[in-house]
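A.B. asks: Counted the way my numbering counts, the sequence shown spans residues 90 to 502.
Dropping the structure in here first, questions after.
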Amino acid sequence: MTTSAAERRSLWAQKWLPWLVALFWVPFLTRAIHWSYEHGTVPLKPRDLTLLGIAVVSLFTLLSRPRFSIFSLLWLAIPMLKIMDAGFLMRFENKIEGDHSVFVMSLISTMLISLGLVFPLSAPNWRRVVVPVCIGTICIITASIIYEWLGFGNYTKIPGRMSGFPVDPNAGPITICLALGILFTVRPKFWHNMAIAAIAAPGVVMTLSRSGMAVFIVLIFAYAMMNLRHHFVSILLIGVLGLPLVASGLMMLAGAKSREGVVRNSNVADRIEAIFSLDFDRIKSAERGKDLADGWEAVGHSPAFGYGTGSGNVRWMPHNQFVAIWLDIGLLGVLVYAFTLLLVTVRCVMKRGEGMFCLIPLWLYVPCSQTLFETPMYLMTGAVAASVLYEHRFSFSLWGQRRVATNSWAATS
């Protein structure tokens, strides 16, 4: 093979890779494929689509002549530890899905999807790869939530709250905020990003997720402040006109809580008040506070090894990612997670805030959720932050040809 032929093959793979990644993984990130298969709309099993997606995305990534970031791949360490613990040691038998082997397969599936999202970040045009994935995920989740809110569908597992395809009303806002954090980081187009944020807003608000709305507000505020110098008048107008509209929408939801087919939730007013005051103690709620206390007490009885993967979500539900990992795989898991988070955080500070929009949801969801490592978008967000903050990479070629290191954004602009 000549060099020119290799370059043409690489450019061809780079052209198609963003759309293939979006085609295969957006249905999983939105959980549209799971709902469709369970209701007989799509005959293809999620397992088969996962394996096909891994094969195709990996092939096109390798053809693009990738350069790998060790720090991005480090985010897959916790899922690997959980699979090894659940699959080989089986210290906690999780039968919530009928059989422990089904639980192990779900962990493997999540790992494969996450790998299919993190692996393409090694492509030369990785910044362009993540954009269609994030936009497609935000739009589909928001559309499904609005569809359910209008009364045409019923997806939620909590009566009175909207969820869309993710089923859990808190899962959709988590994924949306993580996707926005990635977009704000990799795409320097202020108005395009604000347009996507406007599309995402109904998908966050209609779920009445306290943590989701709080993180969304913090993320949008931080993005606006970082762009205030260049868009002062526009941001001022957005604040003057947009915030009252959001407040009116929330009050409309609160007033509609007793109406059939819209929102029927007895603590709507308390949720809205906690969100606007950004009171994270009330966002977590008294019940979650007790769950956290119970989980922390359990950690004290087995601090070194925990109780086995699955115990943090089934036996205890601390709604805190650090405590959940500690319960699952012990001190080693906590140290790996803390090291990974601190690695990108310290680097972000050293580089004067670069990558901060990924770090905002990465950190703020820690005290609010226990299932972040079952959320592939969380792992993708951490990997994107590492890719932005650490330029050092290593490469290999299928044909043994060396590459000259280039800036990934400049190479695709």
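Idealized CB from N, CA, C, for every residue including glycine.
Keep in mind it's a predicted model, so treat the numbers as computed, not measured.
Which stretch, first to last residue, makes up the alpha helix (DSSP H) that contains Ile235?
C.D. replies: By one-based count along the sequence shown, residue 235 stands at place 146. Its alpha helix (DSSP H) spans residues Trp215 to Trp238.
A.B. asks: Per DSSP, what kind of secondary structure is Arg156 in: helix, strand or coil?
C.D. replies: In the sequence shown, residue 156 corresponds to position 67, counting from 1. If DSSP states are grouped into helix, strand and coil, Arg156 belongs with the strands.
A.B. asks: May I ask you to report which of helix, strand or coil DSSP gives Ser458?
C.D. replies: Position 369 of the sequence shown, counted from the start, is the residue given in the question as residue 458. Ser458 falls in the coil class under three-state DSSP.
A.B. asks: Would you tell me roughly how many angstroms separate the C-alpha atoms of Gly225 and Gly253, rounded to the nearest one?
C.D. replies: The residue labelled residue 225 in the question sits at position 136 within the sequence shown. The residue labelled residue 253 in the question sits at position 164 within the sequence shown. Approximately 14 Å, taken between the alpha carbons.
A.B. asks: For Lys246, which option in Cys447, Trp124 and Pro116 has the closest C-alpha, if you only look at C-alpha atoms?
C.D. replies: As a position in the sequence shown, residue 246 is number 157, starting the count at 1. Lys246 has its Cα closest to that of Trp124, out of Cys447, Trp124 and Pro116.
A.B. asks: Does DSSP classify Phe483 as helix, strand or coil?
C.D. replies: Here residue 483 is taken as the residue at index 394 of the sequence shown, counted from 1. Looking at Phe483 - three-state DSSP - the assignment turns out to be strand.
A.B. asks: Roughly how many angstroms separate the alpha carbons of Arg404 and Arg441, rounded to a whole number?
C.D. replies: Counted from its first residue, the sequence shown places residue 404 at position 315. Counted from its first residue, the sequence shown places residue 441 at position 352. Cα-Cα distance, rounded: 42 Å.
A.B. asks: Phe282: buried (16+ other C-beta within 10 angstroms of its C-beta) or exposed?
C.D. replies: The count along the sequence shown starts at 1 and reaches residue 282 at position 193. The sequence shown places Asn at residue 282, not Phe. Asn282 is buried by the Cβ-count criterion.
A.B. asks: With a threshold of 7 Å on Cβ separation, who are the neighbours of Ile197 within its own chain once the five nearest residues in sequence on each side are excluded?
C.D. replies: Within the sequence shown, the letter at position 108 stands for residue 197. Ile172.
A.B. asks: Would DSSP call Asn282 helix, strand or coil?
C.D. replies: Residue 282 sits at position 193 when you count from the first residue of the sequence shown. If DSSP states are grouped into helix, strand and coil, Asn282 belongs with the helices.
A.B. asks: Leaving out five residues before and five after Pro479 in sequence, what residues of the same chain have Cβ atoms less than 7 Å from its Cβ?
C.D. replies: Walking along the sequence shown from the start, residue 479 turns up at place 390. The displayed chain sequence assigns Tyr, not Pro, to residue 479. These residues qualify, in order along the chain: Ser158, Phe160 and Arg436.
A.B. asks: At the level of alpha carbons, what is the spacing between Gly344 and Pro291?
C.D. replies: Position 255 of the sequence shown, counted from the first residue, corresponds to residue 344. Position 202 of the sequence shown, counted from the first residue, corresponds to residue 291. The pLDDT assigned to Gly344 is 49, lower than 50, so where the model puts this residue is not dependable, and the model offers no usable value.
A.B. asks: Identify, in the order they occur along the chain, each residue of the same chain with its Cβ nearer than 7 Å to the Cβ of Leu317, setting aside the five sequence neighbours on each side.
C.D. replies: Against the sequence shown, residue 317 aligns to sequence position 228. The answer, listed in chain order, is Ile324.
A.B. asks: Tyr454 and Leu448 look like a contact to me (Cβ under 8 Å); what is the Cβ gap, rounded to whole Å?
C.D. replies: For the purposes of this step, residue 454 is taken as the residue at position 365 of the sequence shown. For the purposes of this step, residue 448 is taken as the residue at position 359 of the sequence shown. Between Leu448 and Tyr454 the Cβ distance is about 11 Å, and since that is not below 8 Å, they are no contact.
A.B. asks: Quick check on the DSSP output: the alpha helix (DSSP H) that includes Ala72 runs from which residue to which?
C.D. replies: What the structure shows of the chain is the stretch from 90 to 502, and residue 72 is not part of that stretch, so it cannot be assessed.
A.B. asks: Just to confirm before moving on: does the CB-CB distance between Ala426 and Ile414 stay below 7 Å?
C.D. replies: Residue numbering aside, residue 426 sits at position 337 when the sequence shown is read from its first letter. Residue numbering aside, residue 414 sits at position 325 when the sequence shown is read from its first letter. For the sequence presented, residue 426 should be read as Tyr rather than Ala. Contact: yes.
A.B. asks: Once you ignore the five residues that flank Met169 on each side, which residues in its own chain have a CB closer than 8 Å to its CB?
C.D. replies: Here the question's residue 169 lines up with position 80 in the sequence shown. Excluding sequence neighbours, Met169 sits near Met200.
A.B. asks: So, using beta-carbon positions, are Ala212 and Ser153 closer together than 7 Å?
C.D. replies: Taking the first residue of the sequence shown as position 1, residue 212 is located at position 123. Taking the first residue of the sequence shown as position 1, residue 153 is located at position 64. Contact: yes.
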